[in-house]
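Right, one structure below, let's go through it.
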Amino acid sequence: MSAPVTDSRPAISVILCTRNRADLFDKAMASVVAQDFPRAAYEIVVVDNGSTDHTAEVAARYAAQANVRYVLEPRIGLCVARNTGWRAAEAPIVALFDDDAIAQPGWLAAIADAFARSNGEVGVIGGRVDPVWLAPRPDWLTDDIAGALTIVDWGPDEKPILDLRREWLVGANMAAPKAVIAEVGGFHPWLDRVGSNLLSSGDVHLQMEIVRRGYRCLYVPAMAISHLAPPSRLTQAWFIKRFYWQGVSDAVMDIIDTAPPRRRRLALAARRLARLARSPARLKALSMPTRQGSAFRAKCLALIDLGYAWGILGASGR
């Protein structure tokens, strides 16, 4: 009698995309390798997005401690790198992780447990993201604006995400069945960072596509990571750029989803600019420097409208 056939594949593929941040990448890798989770049950797929530093050497060092596969993706772009990563995954569950993040204890176990209980209904899960302040938090930074630093906390209890315009998961801490990601076509290449721009929302758009196909989107707070908030991002200049580009990202998502003709684009831009014109507080905040939290929040929200109008008119190249 022959021995029973067993599936030797890992249960989870951790996709870690990185570019020229070898020292941060080193700490991120260490936090995954330190997880109290069977070594044979997970792999780490490192997608090197064209690094010129010692990223490859760091990946090779961890290959002696865990199941690590190194993939070089020379085409620059976060969505390109993530698509390369999930397609290379050998496990049925793909977990996305950032090179400037630290996996908290129990992270992999929480992912495995959530999908074990899902009965195939859950298409994507994500968890809490706690900030690690590498410089004092500015007084003008309100909680909702600080969310742009990839901070996520939708409460202490597991719950479905029902409105992705109000609550969402982030690509720094998100997992989905590989088959579901393939079903929706992966991450759209028009979204997310390419080089130094701050285009975003590839993760949110993927979640929207998954939900449109009838799957549930689930927040799992036990699936927790820490994410670095460096001094370079704790400036008003960074937030001004980030929120303007959020508006552009929102516009690109509308272009992807509805392909509006030129006349419709003009109407959408006019609607956003008219909304901005009807808010004296936002107009004032847009034009005036401030160190006051509510006023800076108004500035950031106004910048979303400006970015959207510019993006929907084709400034994004779409």
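In this note's numbering, the protein residues as written are 87 to 404. For glycine and all other residues, C-beta sits at the position ideal for the given N, C-alpha and C.
Residue i lies in the alpha helix (DSSP H); which residues open and close that run?
{"i": "M374", "result": "Segment: none, M374 is in no alpha helix (DSSP H) and carries neither H nor E."}
{"i": "N169", "result": "164 to 174"}
{"i": "R328", "result": "322 to 344"}
{"i": "V290", "result": "288 to 298"}
{"i": "D229", "result": "229 to 232"}
{"i": "F273", "result": "Here F273 belongs to no alpha helix (DSSP H), and DSSP marks it neither H nor E."}
{"i": "E143", "result": "141 to 148"}
{"i": "W358", "result": "Going by the sequence as given, residue 358 is Arg instead of Trp. It spans 348 to 363 - the alpha helix (DSSP H) in which R358 sits, taken as one unbroken run."}
{"i": "A202", "result": "193 to 202"}
Rounded to whole angstroms, what's the CA-CA distance from residue i to residue j? Just pull it up for me.
{"i": "K264", "j": "N153", "result": "18 Å"}
{"i": "A189", "j": "S117", "result": "5 Å"}
{"i": "K385", "j": "Q293", "result": "28 Å"}
{"i": "R364", "j": "W254", "result": "28 Å"}
{"i": "P246", "j": "G213", "result": "11 Å"}
{"i": "L352", "j": "M339", "result": "16 Å"}
{"i": "D343", "j": "R357", "result": "19 Å"}
{"i": "S282", "j": "R328", "result": "11 Å"}
{"i": "V91", "j": "V256", "result": "With a pLDDT of 36 at V91, under the threshold of 50, the predicted position of this residue should be treated as unreliable, and no value is reported."}
{"i": "A198", "j": "S373", "result": "49 Å"}
{"i": "V270", "j": "Y301", "result": "11 Å"}
{"i": "V215", "j": "R404", "result": "32 Å"}
{"i": "A120", "j": "E143", "result": "19 Å"}
{"i": "A89", "j": "R299", "result": "Caution is warranted here: a pLDDT of 35 is assigned to A89, below 50, making its placement in the model unreliable, and the coordinate value is therefore given only provisionally. Distance between the alpha carbons of A89 and R299: 40 Å."}
{"i": "R105", "j": "V131", "result": "14 Å"}
{"i": "A145", "j": "A360", "result": "51 Å"}
{"i": "S204", "j": "I341", "result": "33 Å"}
{"i": "L277", "j": "V334", "result": "10 Å"}
{"i": "G209", "j": "A345", "result": "26 Å"}
{"i": "G206", "j": "W324", "result": "40 Å"}
{"i": "G379", "j": "P317", "result": "18 Å"}
Quick one: measure Cβ to Cβ for residue i and residue j, integer angstroms, because I've assumed they're closer than 8 Å.
{"i": "I311", "j": "N259", "result": "5 Å"}
{"i": "Y57", "j": "L392", "result": "Nothing can be reported for residue 57: it is not among the residues displayed for the chain, which extend from 87 to 404."}
{"i": "L409", "j": "A232", "result": "What is shown of the chain runs 87 to 404, which leaves residue 409 out entirely."}
{"i": "T141", "j": "A108", "result": "5 Å"}
{"i": "V290", "j": "L248", "result": "Not really, about 14 Å apart at Cβ, beyond 8 Å."}
Is the beta carbon of residue i sitting closer than 9 Å to the one on residue j?
{"i": "R223", "j": "A114", "result": "no"}
{"i": "W219", "j": "M309", "result": "no"}
{"i": "A150", "j": "Y156", "result": "no"}
{"i": "A221", "j": "L320", "result": "yes"}
{"i": "A175", "j": "S94", "result": "no"}
{"i": "T228", "j": "F382", "result": "yes"}
{"i": "F123", "j": "D185", "result": "no"}
{"i": "D225", "j": "R377", "result": "yes"}
{"i": "A234", "j": "Q322", "result": "no"}
Spatial neighbours of residue i within its chain, please: C-beta separation below 8 Å, excluding the five flanking residues on both sides.
{"i": "R279", "result": "G163, L164, L285, S286"}
{"i": "D336", "result": "S287, I390, G393, Y394, G397"}
{"i": "A97", "result": "A127, Y128, A177, P178, I179, A198"}
{"i": "P275", "result": "G163, C165, V166, N169"}
What residue range does the beta strand (DSSP E) around residue i cover?
{"i": "L314", "result": "311 to 315"}
{"i": "W219", "result": "215 to 219"}
{"i": "S99", "result": "98 to 104"}
{"i": "F123", "result": "Here F123 belongs to no beta strand (DSSP E), and DSSP marks it neither H nor E."}
{"i": "L182", "result": "179 to 184"}
{"i": "L158", "result": "154 to 158"}
{"i": "P242", "result": "Unbroken run through P242: none, as it is neither H nor E."}
Near residue i, what residues of its chain come up, given a Cβ to Cβ distance below 7 Å and the 5 sequence neighbours on each side ignored?
{"i": "L387", "result": "R368"}
{"i": "A355", "result": "A395, I398, L399"}
{"i": "I267", "result": "W172, V180"}
{"i": "W240", "result": "E253, Y305"}
Ignore the nearest five residues each way along the sequence and tell me which others in residue i's own chain have a CB closer than 6 Å to its CB.
{"i": "V297", "result": "C303"}
{"i": "A167", "result": "C103, V133, N135, E159"}
{"i": "M87", "result": "Residue placement at M87 is poorly supported in this model, since its pLDDT is 28, which falls under 50; the coordinates are not used for a value here."}
{"i": "E295", "result": "V270"}
{"i": "E244", "result": "V306"}
{"i": "T236", "result": "V215, V256, A258, H313"}
{"i": "I211", "result": "A200, A261, L304, V306"}
Examine the ligand FAD and report whether any of its heavy atoms sits within less than 8 Å of the Cβ of residue i.
{"i": "S373", "result": "Ligands displayed in this structure: none; no statement on the ligand FAD is therefore possible."}
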